[in-house]
Amino acid sequence: AYLKGTSRAGTDGAPRALVLRARLQQSGRTATVTLALAGACFLVLCVSLSLGKGDISVPEVVRALFSGDDTGTGYIVNHIRLPRTLVAVLTGAAFAISGAIFQTLVRNPLASPDMLGVTVGASAAAVIGIVLLDLSGHAVSAAAFAGALATAAVIYVLAWRGGVSGYRLVLTGIAMSAILTSVVSYCMTRADVYDARDALGWLTGSLNAKSWPALRTIGLSCAVLIPAALLANRRLTVLQMGDDLARALGVQVERSRLALIVIAAALAGAATAVVGPVPFVALVAGPIARRLTGNSGSALIPAALVGALVMLTSDLAGQHAVGSVSLPVGVVTAIVGAPYLLWLLAMGNRAGRGE
């Protein structure tokens with residue numbers, strides 16, 4: 172009996188040890204990738220702060236950031252250049268977390284707020300506000316945020332058939348995106364030249380002239396929505412296993428799915444309201460983060476850092492890569508993101524999932 176008990180204990184203990192070792196390895200890899208991404212973000216942020224009409228060395232930038240100096244170099248770094256870069260960090264993180272939630276929830280790497288019509292809804296509301304209602308400033312941002320939430324609500328209602336499946340959500344989102352794109356086009360044809368110029372500048376997606384008010388807006392939004400997303404991440408992980416298993420584990424499936432959709436739509440809407448519909452950041456951040464961490468789940472924190480890094484790098488390239496020409500950040504992300512989307516579609520077709 173003793174030998175049998177010892178054998179059973181040893182047999183049961185081996186799988187537990189393997190699972191524990193795998194979890195520790197996964198946690199260590201995720202932590203390493205997260206720290207590396209955070210370091211890369213800080214490095215690109217410092218380089219971005221160092222470049223401008225008057226270049227500043229990176230050590231001087233770091234000194235100014237941590238010394239709190241408000242004179243000379245410190246004033247240029249902390250008051251003129253820093254708000255724009257922090258807006259890039261926060262909006263990139265918001266887009267990325269929104270995309271990671273939608274992609275994990277729908278179990279489709281193409282299910283980003285760009286593709287589902289959420290950011291198009293924000294764009295349509297903003298263009299209507301600019302062209303038809305003569306709105307400007309914070310009013311346009313509020314309209315964009317409300318448009319994103321309203322679009323997500325309409326998509327959810329239209330996709331409901333005793334519940335919401337990922338397939339119906341994607342198809343409904345694509346249809347809504349097409350409808351709202353036509354609304355934007357119609358409004359642009361009806362606008363006078365000055366309103367059309369303002370609307371087109373907003374639709375491009377840009378960090379130009381982003382200062383402290385814009386930073387406060389996205390900062391407050393992220394302070395509320397990112398912790399909510401991290402708290403809801405556990406339910407997201409369970410939902411990824413399938414609705415039946417999630418119900419067996421005691422998760423209220425539809426209520427959890429609705430809460431996650433609201434959080435993701437609000438993050439995309441808040442970022443769009445501040446910088447416009449910057450394309451492809453939400454699409455690429457989650458898959459890159461999952462590939463780096465080896466995690467099949469949502470990987471929200473690494474995804475947020477990837478999104479911030481993409482926004483910072485794209486803005487840096489847009490400002491300084493083409494001589495004296497300054498490109499909006501949305502143009503750069505589109506140039507980088509479009510080939511990635513084609514590659515993603517090609518890989519899906521090769522694996523037999525592209526029908």
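When we follow the working numbering, the leftmost residue of the sequence shown carries the number 172, and every step to the right adds one.
Beta carbons: idealized from backbone N, C-alpha and C, even for Gly.
Report the CB separation of Ala265 from Cys393 in whole angstroms; it is logged as a contact under 8 Å. For this step, residue 265 is matched to residue 94 along the sequence shown. For this step, residue 393 is matched to residue 222 along the sequence shown. Indeed, because the Cβ distance is near 6 Å, the residues count as touching under 8 Å.
Taking the alpha-carbon positions, what's the Thr352 to Thr464 distance? Indexing the sequence shown from 1 puts residue 352 at position 181. Indexing the sequence shown from 1 puts residue 464 at position 293. C-alpha separation (whole angstroms): 36 Å.
Let me know the alpha helix (DSSP H) ranges lying completely inside the segment 251-320, each 4 residues or longer, listed in chain order. Listed in chain order, the complete alpha helix (DSSP H) runs (minimum 4 residues) inside the segment 251-320 are 253-277, 284-287 and 289-302.
Closest to Ala319 by CA distance: which of Gly333, Thr290, Val311 and Val328 is it? Counting from one through the sequence shown, the residue named residue 319 turns up at place 148. Checked all of Gly333, Thr290, Val311 and Val328; the closest Cα to Ala319 is Thr290.
Three-state secondary structure (DSSP) of Val328: Along the sequence shown, read from residue 1 onward, the residue named residue 328 stands at position 157. In the structure shown, Val328 sits in a helix (DSSP, three-state: H, G or I).
So does the segment 345-364 actually touch the segment 217-236, counting three or more Cβ pairs closer than 8 Å? no
Residue burial classification, Lys175 (beta-carbon count within 10 angstroms, cutoff 16): Counted from its first residue, the sequence shown places residue 175 at position 4. Low local confidence applies: a pLDDT of 47 at Lys175 is under 50, so the model's placement there is unreliable, and no value is given.
Beta-carbon spacing of Ala400, Leu438 below 8 Å: In the sequence shown, counting from the first residue as 1, residue 400 sits at position 229. In the sequence shown, counting from the first residue as 1, residue 438 sits at position 267. A contact, by the Cβ cut-off of 8 Å.
Comparing alpha-carbon positions, which option in Thr201, Leu253, Phe237 and Ser283 lies nearest Gly457? Stepping through the sequence shown from its first residue, residue 457 is reached at position 286. Gly457 has its Cα closest to that of Ser283, out of Thr201, Leu253, Phe237 and Ser283.
Does Val335 come out as helix, strand or coil in the three-state DSSP assignment? Here residue 335 refers to the residue found at position 164 of the sequence shown. Coil.
Look at the alpha carbon of Leu378 and the alpha carbon of Gly300, and state the distance between them as a whole number of angstroms. Position 207 of the sequence shown, counted from the first residue, corresponds to residue 378. Position 129 of the sequence shown, counted from the first residue, corresponds to residue 300. Those two C-alpha atoms are separated by around 20 Å.
For Val493, which residues does DSSP report across the bridge? On the sequence shown, residue 493 is found 322 positions in, with the first residue counted as 1. In the DSSP secondary-structure assignment, Val493 is bridged to Val496.
Contact between the segment 432-446 and the segment 378-392: three or more CB pairs below 8 Å? yes
Who are the Cβ neighbours of Pro510 in its own chain at under 8 Å, not counting the five residues just before and after it? Numbered from its first residue, the sequence shown carries residue 510 at position 339. Nothing meets the Cβ criterion.
Relative to the ligand SAH, is the shortest distance from any of its heavy atoms to the C-beta of Asn379 smaller than 7 Å? Looking at this structure, you won't find the ligand SAH or any other ligand, since it has none at all.
Quick one: grab the DSSP three-state call for Ser178. Position 7 of the sequence shown holds residue 178. Low confidence applies here, because Ser178 scores a pLDDT of 47, under 50, leaving its location unreliable; read the following figure in that light. Reduced to three states, the DSSP call for Ser178 is helix.
Taking the beta carbon of Met347 as the centre, do at least 16 other beta carbons fall within 10 Å, making it buried, or is it exposed? Counting from 1 along the sequence shown, the entry for residue 347 is found at position 176. Taking all protein chains in view, the Cβ of Met347 is crowded by 16 or more other Cβ atoms within 10 Å, so the residue is classified as buried.
Three-way DSSP call (helix, strand, coil) for Met412 in this model: Locating residue 412 in the sequence shown gives position 241, counting from the first residue. In this structure, Met412 counts as coil in the three-state DSSP scheme.
By the three-class DSSP mapping on this structure, what secondary structure does Val204 have? Position 33 of the sequence shown, counted from the start, is the residue given in the question as residue 204. It is helical.
What do you get for Gly525, buried or exposed, if any count of 16 or more other CB atoms within 10 angstroms of its CB means buried? For the purposes of this step, residue 525 is taken as residue 354 along the sequence shown, with counting starting at 1. Summary for Gly525: the model assigns pLDDT 44, below 50, so the residue's position carries little reliability; its value from the coordinates is reported in the next sentence. When all chains shown are included, Gly525 counts as exposed.
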